[in-house]
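A.B. asks: Please read through the structure below; I'll follow up with questions.
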Amino acid sequence: MYNPEMKLSENFQLKEFVDSQTAERLKIDNRPDWEAVINLRNLCREVLQPLRDYAQQPIHINSGYRSLLLNEAVRGVGDSQHLYGQAADLHLPNLDTGRRWYKFIVEHTDFDQVLFEYRRTGARWLHISCRRDRKSNRHMAIPNFPAR
Numbered sequence: 041m042y043n044p045e046m047k048l049s050e051n052f053q054l055k056e057f058v059d060s061q062t063a064e065r066l067k068i069d070n071r072p073d074w075e076a077v078i079n080l081r082n083l084c085r086e087v088l089q090p091l092r093d094y095a096q097q098p099i100h101i102n103s104g105y106r107s108l109l110l111n112e113a114v115r116g117v118g119d120s121q122h123l124y125g126q127a128a129d130l131h132l133p134n135l136d137t138g139r140r141w142y143k144f145i146v147e148h149t150d151f152d153q154v155l156f157e158y159r160r161t162g163a164r165w166l167h168i169s170c171r172r173d174r175k176s177n178r179h180m181a182i183p184n185f186p187a188r
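Numbering of the sequence shown is given in our numbering, commencing with residue 41 and proceeding in unit increments.
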């Protein structure tokens, strides 16, 4: 039974990872299967909740789980970890916060990928992923910080 209010960890609920303006606008069903929910819970417990505890402030998810149709609509890569509930993109309020969060994740969590990404428009985010099989986590960290 799909329950968007389901708690994935102390500070994260399922709806934060499935709500999508694009899905709503295009009337795309973005409900995850149970496997994706388990993966999202793992992502929260291994990376996002420790980051939230460190940051002592809410963390906003720009993009979490994506159904195949939603991933196509946003032009996501075909093998995106978002499709499996293994990834989330986090809004960064500013560059310094992004640098601190990036450093914390790299030094204190068991992640698969952490990518600092940005657009010339000023938008910036952290792409975070984590696999349930801890041996499969590549610890791929790409800072890609913009020049100051």
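Even for Gly, the Cβ is constructed at its ideal location relative to N, Cα and C.
Could you tell me which whole beta strand (DSSP E) segments of length 3 or greater appear in the segment 61-122?
C.D. replies: 101-103
A.B. asks: What distance in whole Å lies between the Cβ atoms of GLY116 and LEU80, which are believed to be in contact at a cut-off of 8 Å?
C.D. replies: Locating residue 80 in the sequence shown gives position 40, where the first residue counts as 1. Locating residue 116 in the sequence shown gives position 76, where the first residue counts as 1. A Cβ-Cβ separation of about 16 Å leaves LEU80 out of contact with GLY116 under the 8 Å criterion.
A.B. asks: Return the residue from the list THR161, GLU157, GLN121, TYR158 that minimises the CA-CA distance to LEU83.
C.D. replies: On the sequence shown, position 43 is the one that residue 83 refers to. Minimum Cα-Cα distance from LEU83 among the listed residues THR161, GLU157, GLN121, TYR158 corresponds to GLN121.
A.B. asks: The alpha helix (DSSP H) that contains TYR142, what's its start and end?
C.D. replies: The residue labelled residue 142 in the question sits at position 102 within the sequence shown. Counting along the chain, the alpha helix (DSSP H) containing TYR142 begins and ends at 135-148.
A.B. asks: Taking all protein chains shown into account, decide if ARG71 is buried (16 or more other Cβ within 10 angstroms of its Cβ) or exposed.
C.D. replies: To locate residue 71, count along the sequence shown from 1; it is residue 31. With fewer than 16 other Cβ atoms inside 10 Å of its own Cβ, ARG71 counts as exposed.
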